Amino acid sequence: ETGVTQTPRHLVMGMTNKKSLKCEQHLGHNAMYWYKQSAKKPLELMFVYNFKEQTENNSVPSRFSPECPNSSHLFLHLHTLQPEDSALYLCASESGAGSYNEQFFGPGTRLTVL
Amino acid sequence: KNEVEQSPQNLTAQEGEFITINCSYSVGISALHWLQQHPGGGIVSLFMLSSGKKKHGRLIATINIQEKHSSLHITASHPRDSAVYICAVRMSGNQFYFGTGTSLTVIP
Numbered sequence: 006e007t008g009v010t011q012t013p014r015h016l017v018m019g020m021t022n023k024k025s026l027k028c029e030q031h032l033g034h035n036a037m038y039w040y041k042q043s044a045k046k047p048l049e050l051m052f053v054y055n056f057k058e059q060t061e062n063n064s065v066p067s068r069f070s071p072e073c074p075n076s077s078h079l080f081l082h083l084h085t086l087q088p089e090d091s092a093l094y095l096c097a098s099e100s101g102a103g104s105y106n107e108q109f110f111g112p113g114t115r116l117t118v119l
Numbered sequence: 143k144n145e146v147e148q149s150p151q152n153l154t155a156q157e158g159e160f161i162t163i164n165c166s167y168s169v170g171i172s173a174l175h176w177l178q179q180h181p182g183g184g185i186v187s188l189f190m191l192s193s194g195k196k197k198h199g200r201l202i203a204t205i206n207i208q209e210k211h212s213s214l215h216i217t218a219s220h221p222r223d224s225a226v227y228i229c230a231v232r233m234s235g236n237q238f239y240f241g242t243g244t245s246l247t248v249i250p
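Listed in order, the protein sequences are those of chains A and B.
Here this note's numbering is used: position 29 in the first sequence is 34, and no number is missing along the way.
Here this note's numbering is used: position 39 in the second sequence is 181, and no number is missing along the way.
What follows is the structure, given as structure tokens:
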């Protein structure tokens with residue numbers, strides 16, 4: 006138990022659906038991350054919110070959009086996804102803006118796009 | 143080519159064996175992380191290193207900044223150590239690169 010929770014744990018959706026993934030932490034951290042983990046590939050950083058400032062990986066398609074309403078909650082909104090978007094989506098939080106902080110990961114949401 | 147390379151990709155060991163997993167990287171970094179991922183997906187941070195060596199229980203992590211290389215050692219391995227071990231490097235700011243992971247199976 007890392008203190009970072011994600012819901013839902015599993016999600017199956019069609020290509021025309023709209024869904025959202027949720028991440029929550031009450032560790033007092035100020036930075037939160039979305040990662041994508043596809044089979045046989047390295048973890049891919051998608052988005053970062055650090056003190057409410059968003060950084061994104063430019064290779065992430067616009068069908069993924071993050072939202073960070075406060076420092077404890079992070080959402081990933083999904084719309085018109087493709088089957089290749091099926092993956093494990095991991096959320097992580099970190100205590101601050103420095104380069105020497107440990108990340109705490111959530112259990113992930115296993116997404117399947119039909 | 144991935145900025146972070148791990149070896150081996152897969153490793154099977156007998157219980158009690160000493161295990162070494164290697165990580166080489168090609169970019170300048172501010173810190174290196176070793177992560178453990180169990181079946182089901184959850185990831186736990188094991189170590190964060192910027193120099194030298196760290197030890198936690200049966201786990202030891204070392205880093206050589208000049209050679210751009212890190213190793214994760216497990217002493218007296220146990221079946222519960224079976225997991226995927228991921229090396230991640232952090233550049234300045236929020237930029238991370240991850241290795242593809244080393245899948246470890248420890249047989250009783």
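All C-beta atoms in this analysis are idealised placements derived from N, C-alpha and C, irrespective of residue type, glycine included.
Small disclaimer: the values here were computed from a predicted structure and weren't measured.
- With a beta-carbon spacing of about 20 Å, B:Gly-194 and B:Met-233 fall beyond the 8 Å limit used to define contacts.
- Listed as beta-bridge partners of B:Gln-151 by DSSP are no residues whatsoever.
- Ranked by Cα distance from A:Cys-73, the options A:Thr-85, A:Ala-44, A:Leu-95 and A:Asn-35 are led by A:Asn-35.
- The Cβ of B:Ser-166 sits no closer than 8 Å to any Cβ of chain A.
- Per DSSP, the unbroken beta strand (DSSP E) holding A:Gln-11 starts and ends at 9-12.
- Using a 10 angstroms sphere on the CB of B:His-220, the tally of other CB atoms stays under 16, which defines it as exposed.
- One alpha carbon belongs to B:Gly-199, the other to A:Gly-33, and they sit about 27 Å apart.
- By alpha-carbon distance to A:Glu-29, the top candidate from A:Met-20, A:Thr-21, A:Trp-39 and A:Lys-23 is A:Trp-39.
- Annotation for A:Gln-42: the continuous beta strand (DSSP E) segment containing it runs 36-42.
- The CB of A:Gln-108 comes closer than 8 Å to the CB of His-175 and Ser-187 in chain B, given here in chain order.
- Excluding residues up to 5 positions away in sequence, His-215, Ile-216, Thr-217, Ala-218 and Ser-219 lie with their Cβ nearer than 8 Å to the Cβ of B:Phe-160 in the same chain.
- Only those residues of the stretch 44-55 of chain A whose C-beta falls short of 8 Å from the nearest C-beta of chain B are listed: Lys-45, Lys-46, Pro-47, Leu-48, Glu-49, Leu-50, Val-53 and Asn-55.
- The shortest CA-to-CA distance from B:Thr-242 to any of B:Cys-229, B:Arg-222 and B:Leu-174 is the one to B:Cys-229.
- Contact between the stretch 145-152 of chain B and the stretch 200-210 of chain B is absent, with fewer than three C-beta pairs closer than 8 Å.
- Annotated three-state conformation of A:Pro-74 is strand, per DSSP.
- Think of a sphere of 7 Å around the beta carbon of B:Phe-240: the chain A residues whose beta carbon falls inside it are Pro-47 and Leu-48, in chain order.
- Between B:Asp-223 and B:Leu-246 a beta carbon distance of about 6 Å is seen, short of the 8 Å cut, so the two are scored as contacting.
- Exclusion of the five residues before and after A:Met-18 leaves Lys-24, Leu-83, Leu-86, Leu-116, Thr-117, Val-118 and Leu-119 as the residues of its chain whose Cβ lies within less than 8 Å of its Cβ.
- Taking the CA atoms as reference points, A:His-31 sits about 12 Å from A:Leu-79.
- Your pair A:Val-65 and B:Asn-236 does not check out as a contact, with CB atoms roughly 14 Å apart and the cut at 8 Å.
- The beta carbon of A:Ser-91 is closer than 7 Å to those of Leu-116, Thr-117 and Val-118 in its chain, skipping five residues each way along the sequence.
- Relative to the Cα of A:Asn-55, the nearest Cα in the group A:Gln-42, A:Gln-108 and A:Thr-10 belongs to A:Gln-108.
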